[in-house]
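Student:
Number of protein chains: 2
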Amino acid sequence: MALDPKLRDDIIAAVDKSFDAQIKFTQDMVRHVSTRGNEHTMQDFMFRAMQSRGYTMERFEMDREALARHPGSGAWDDLHSHAPVVVGIHRPREEKGRSLILQGHVDVVPEGPVNMWATPPYEPVIDGDWMQGRGAGDMKAGCASNIFALDALKSLGLQPAATVYLQSVVEEESTGDGALMTHLRGYRAQAALVSEPSAETLTRANIGVIWFQLEVRGVPVHVQRMGTGANAIDAAYRVIGELRELEKDWNQKKGDSEYFRNIEKPVNLNIGKIAGGDWASSVPSWCKVDCRISILPGTNVEVAKREIVDRVAAFTRGDAFLSNIPPTITFNGFQAEGFVLKPGSDAEAVLGRAHESVFGKRLETVTSLAYLDSRVYVLFDDIPALNYGAISRGVHGFDEGVNLPSLKKVTTAAALFIAEWCGVEKIAD
Amino acid sequence: MALDPKLRDDIIAAVDKSFDAQIKFTQDMVRHVSTRGNEHTMQDFMFRAMQSRGYTMERFEMDREALARHPGSGAWDDLHSHAPVVVGIHRPREEKGRSLILQGHVDVVPEGPVNMWATPPYEPVIDGDWMQGRGAGDMKAGCASNIFALDALKSLGLQPAATVYLQSVVEEESTGDGALMTHLRGYRAQAALVSEPSAETLTRANIGVIWFQLEVRGVPVHVQRMGTGANAIDAAYRVIGELRELEKDWNQKKGDSEYFRNIEKPVNLNIGKIAGGDWASSVPSWCKVDCRISILPGTNVEVAKREIVDRVAAFTRGDAFLSNIPPTITFNGFQAEGFVLKPGSDAEAVLGRAHESVFGKRLETVTSLAYLDSRVYVLFDDIPALNYGAISRGVHGFDEGVNLPSLKKVTTAAALFIAEWCGVEKIAD
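Residue numbers (the numbering used here), protein chains in the order written: chain H, 5 to 433; chain V, 5 to 433.
1) Select from 34(H), 341(H), 158(H), 298(H) the residue whose C-alpha is nearest the C-alpha of residue 19(H).
2) Quick one: which chain H residues come within Cβ less than 8 Å of residue 287(V)?
3) Three or more C-beta pairs closer than 8 Å, one from the segment 398-417 of chain V and one from the segment 119-139 of chain V: is that the case here?
4) What are the boundary residues of the beta strand (DSSP E) that includes residue 167(H)?
5) Can you tell me whether residue 215(H) is helix, strand or coil according to DSSP?
6) Report yes or no: do the segment 110-128 of chain H and the segment 37-49 of chain H share at least 3 C-beta pairs separated by less than 8 Å?
7) Going by C-alpha distance, which of 265(H), 319(H), 254(H) is nearest residue 372(H)?
8) Indicate the three-state DSSP secondary structure (helix, strand or coil) for residue 155(H) in the structure shown.
9) Give the secondary structure of residue 61(V) by DSSP, where H, G and I count as helix, E and B as strand, and everything else as coil.
10) I'd like to know if residue 239(H) contacts chain V, where contact means its C-beta is closer than 7 Å to some C-beta of that chain.
11) Considering only C-alpha positions, which residue in the set 295(H), 376(H), 365(H) is nearest to residue 413(H)?
12) Under 7 Å, do residue 284(H) and residue 362(H) count as touching if we go by C-beta distance?
13) Scan the segment 314-343 of chain H for residues whose Cβ lies nearer than 7 Å to a Cβ of chain B and list them as they occur along the chain.
14) How long is the line joining the alpha carbons of residue 442(H) and residue 397(H), rounded to whole angstroms?
15) Name, please, each residue of chain H whose Cβ falls closer than 8 Å to the Cβ of residue 235(V).
16) Determine the direct distance from the alpha carbon of residue 46(V) to that of residue 69(V), and round the result to whole angstroms.
17) Are there 16 or more other CB atoms within 10 angstroms of the CB of residue 336(H), so buried, or fewer, so exposed?
18) Quick one: which chain H residues come within Cβ less than 8 Å of residue 242(V)?
19) Using 8 Å as the threshold, is the segment 148-155 of chain V in touch with the segment 24-32 of chain V, meaning 3 or more CB pairs across them?
20) Please state whether DSSP places residue 384(H) in a helix, a strand or coil.
21) With residue 362(H) as the anchor, note down where its alpha helix (DSSP H) starts and where it stops.
22) Going by beta-carbon coordinates alone, are residue 78(H) and residue 181(H) separated by less than 7 Å?
23) Is the beta carbon of residue 342(H) sitting closer than 7 Å to the one on residue 212(H)?
24) Between residue 359(H) and the rest of its own chain, which residues show a CB-CB distance below 6 Å, the 5 nearest in sequence each way excluded?
25) On the CB-based measure, 16 or more other CB atoms within 10 Å of its CB, does residue 3(V) come out buried or exposed?
26) Does any residue of chain V bring its CB to less than 7 Å from the CB of residue 113(H)?
27) Residues in its own chain within less than 7 Å of residue 187(V) by CB, not counting five upstream and five downstream?
28) Please give me, in chain order, every unbroken run of the alpha helix (DSSP H) with length at least 4 that falls completely inside the segment 30-81 of chain V.
29) Which residues mark the beginning and the end of the alpha helix (DSSP H) in which residue 280(H) is found?
30) Compare the C-alpha of residue 52(V) against each of 65(V), 32(V), 166(V), 67(V) and name the closest.
31) Give me, in chain order, the residues of the same chain whose beta-carbon lies closer than 7 Å to that of residue 44(V); leave out the 5 immediate sequence neighbours on both sides.
32) Can you tell me where the alpha helix (DSSP H) holding residue 416(H) begins and where it ends?
33) Classify residue 90(V) as helix, strand or coil using the three-state DSSP reduction.
34) How do the segment 260-280 of chain V and the segment 324-336 of chain V stand: do at least 3 beta-carbon pairs fall below 8 Å, yes or no?
35) Please report whether the beta-carbon of residue 203(H) lies at a distance below 7 Å from any beta-carbon of chain V.
36) How far does the alpha helix (DSSP H) with residue 185(V) in it extend, from its first residue to its last?
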């Protein structure tokens, strides 16, 4: 049932009216250097922002043991964040509509070499249609959008006529444990809206992601006695060559996946970080390589991990240098399966109507090749999780930004979606 | 003129008698963690050791400007040591013999991962015939040997009948600027003995060494949008592939070098250290690779550097990713030519006799593929520089050690060499 046209227009106007405040809020978020493990003040900011709006607040630690028991958790190592998960709870006067999770993550990836940015990464700069800064796109603009979509209703004297959980999580860029923790804590709703910067599209299907670290050790010698290949860095690159073969093999299975078969190369192995050796004139004795590989939906994580380990082991046995000290593979982050958002849900239909009201055209669905927290709600809550947000640029790169006109539109669409999905009721005097 | 047999036997006995003290002195040296830039206390120890023995002491800073004007200096960067050079000067009562430089370096290469050592790297452990520890072989045992060879004469009431400079330098493992600084300071003698661990052989010819850092930059993107090869780490490895071709080309010229043509692969490119990227799920935007390549004697350093730069530039132009942001090559350490020790010098003959007295066999000459400070004395002082020292193991690697019976023998040979080369005189009452 479509929204009343008057209410629709009121919501559109309300989002527009508070958009300057939404921009300022987003800028305040970007100023927090909330890289992995450093999200404490950012989460306190989110806690206060929701508390001041009257939400019932819960803040909880990640439960390492509970996570470890769940097959969807990441590998917990020394780099794992200890920042809490923050949830603002809205309970209606009367539970008439459908409940909803509004989710966003506040952790950001490292900014990289600062001199490759046109402006300081944690100083949000607005230039024309863009706000630039690390996390502006991925996904602080989305976190703010969740809050301001509800604010728009409130400014009209309205609130959702169903329970809404405003979830602010961490660890989205490394394990997905923040989102999983909300599931383990017992939060459940009939749909979820995750406001990742999806470029005004709905994510239909999403790749799974596995992280691992390859470590090669070797007995070094003075460079004067170096033999061909007896070098941990060179040896690591030989292993990488074999992993590229595995990547090829996995891509050849794309035909089995409806939403991936038309993508040229859905499975990507990223050699994200490397460190090795101590001295230019010493043959390096060690090399560590941080890798990220994706798996097609339906691929079991444990099976994929076993395949990685077996391939490396088989390659190692045939390599004169590596066979002496076989490299180790440590799974150290995401161990996450992909998902497909089943077409035809009511939630998708409601978002589609909201989107059309704002954009005047159909909501397109796309396949994503990046990890998304939505997987938790699709795979483990078995609910429609709608990954939907603004146009961004430079995500995980330099001069990251969010497109502000796009942000206003998707915030409006989110507010319309909430109003129709949850229904609205008057705020009690 | 061979030494008097009585004197020879006395010297052999004297070195033997003080060898326990020599071992202890070497152990004390190994306990100093004198990696690059951290040689201050080590040099103070050497200063005090020579001063207490009555040498006239000089200690001087490295003169950056003077070094920069000299073609044999290394590239001075932030990692360059500021530790002083220490020289102990012996002047005879009567200048009758031939003057001599006794040289050693106290800097050591990094120990690497400590857990790959059987014993703590800076705790000198004696096990059977070996003393183990970083720098025990390369070349603290040699530094101590220089001092104890003179001590042996002194214990007989004798001293060299010529000026002897006991030089303790730094930067041998990175630029060779310490040795060059002694030259720039004006120290000159008729021969030099450098007690590197040459396994009881004399170094006839020595490779030149150039250090450089390759840096690749690129515009990173989220791994979901990675294209083939648009990855700074992968791109760096493609450049390394091209540098391996250059290495091959340079090795093909080995026929021109009398002392290198029978070595299978005299020119070695070492990929010594690598660092790149910030995050497993971000396509890396940067990669730095520390390289060391050798050049055959007679190859001009500037010509070789130009060839490296040109080869990388040409390769870059043909690479879709690299051509956008060409990598940089920074020369950041050794810029040192190789040398050939001319056969037939008196100094070599004297060392040959000393060696035969101790070992009962001819002194063998070998070609070295590692940088040696001796190049300063051969190339710029135009004197015979004898690179001669003990048997070692694990140099630039793990469980580095010096063979103690070998050390005693080469110390004895050094003492005999000094006695014959400089002549001896009675110490004044």
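Beta carbons: idealized from backbone N, C-alpha and C, even for Gly.
Tutor: Checking against the coordinates, here is how it stands:
1) Measuring C-alpha to C-alpha distances from residue 19(H) to each of 34(H), 341(H), 158(H), 298(H) identifies 158(H) as the nearest.
2) By Cβ distance, chain H contributes 274, 276, 400, 401.
3) A contact exists between the segment 398-417 of chain V and the segment 119-139 of chain V.
4) Where residue 167(H) is concerned, there is no enclosing beta strand (DSSP E), because DSSP gives it neither an H nor an E.
5) If DSSP states are grouped into helix, strand and coil, residue 215(H) belongs with the strands.
6) Cβ pair count under 8 Å is three or more, so yes.
7) Considering only alpha carbons, the answer is 265(H).
8) The answer is helix: DSSP assigns residue 155(H) an H, G or I state.
9) The answer is strand: DSSP assigns residue 61(V) an E or B state.
10) Not closer than 7 Å to any Cβ of chain V, the Cβ of residue 239(H) fails to qualify, so no.
11) Nearest in C-alpha terms to residue 413(H), of all of 295(H), 376(H), 365(H), is 365(H).
12) Not a contact, by the Cβ cut-off of 7 Å.
13) In the structure shown, chain B does not exist; the protein chains are H and V.
14) The structure shown does not extend to residue 442(H), since chain H is modelled only from 5 through 433, so no value can be given for it.
15) Those within 8 Å of residue 235(V) in chain H are 274, 275.
16) Between residue 69(V) and residue 46(V), the C-alpha separation is close to 25 Å.
17) Under a 10 Å Cβ-count criterion, residue 336(H) is classified as buried, with 16 or more other Cβ atoms of the shown protein chains found around its own Cβ.
18) Simply none; closest approach about 11 Å.
19) Taking a cut-off of 8 Å on C-beta distances, the segment 148-155 of chain V touches the segment 24-32 of chain V, as three or more cross pairs fall below it.
20) In the three-state scheme derived from DSSP, where H, G and I count as helix and E and B as strand, residue 384(H) is classed as helix.
21) Counting along the chain, the unbroken alpha helix (DSSP H) around residue 362(H) starts and ends at 350-363.
22) Cβ distance < 7 Å, so residue 78(H) and residue 181(H) count as in contact.
23) Remark: C-beta atoms of residue 342(H) and residue 212(H) approach each other more closely than 7 Å.
24) Closer than 6 Å at the Cβ level, and outside the excluded window around residue 359(H), lie 367, 417.
25) Not covered by the structure: residue 3(V). The range shown for chain V is 5 to 433.
26) So yes, residue 113(H) belongs to the interface.
27) Same-chain partners within the cutoff: 380, 384, 385.
28) Segments of the alpha helix (DSSP H) lying fully in the segment 30-81 of chain V: 44-55, 68-73.
29) Not the alpha helix (DSSP H): residue 280(H) falls in the beta strand (DSSP E), residues 273-280.
30) The candidate whose alpha carbon is nearest that of residue 52(V) is 32(V).
31) Excluding five sequence positions before and after residue 44(V), the CB atoms of its chain that fall closer than 7 Å to its own CB belong to 87, given in chain order.
32) 408-426 is the extent of the alpha helix (DSSP H) around residue 416(H).
33) Assignment of residue 90(V) by DSSP, reduced to helix, strand and coil, places it in the strand class.
34) They do not touch, by the three-pair rule.
35) So, not an interface residue.
36) First-last of the alpha helix (DSSP H) with residue 185(V): 181-189.
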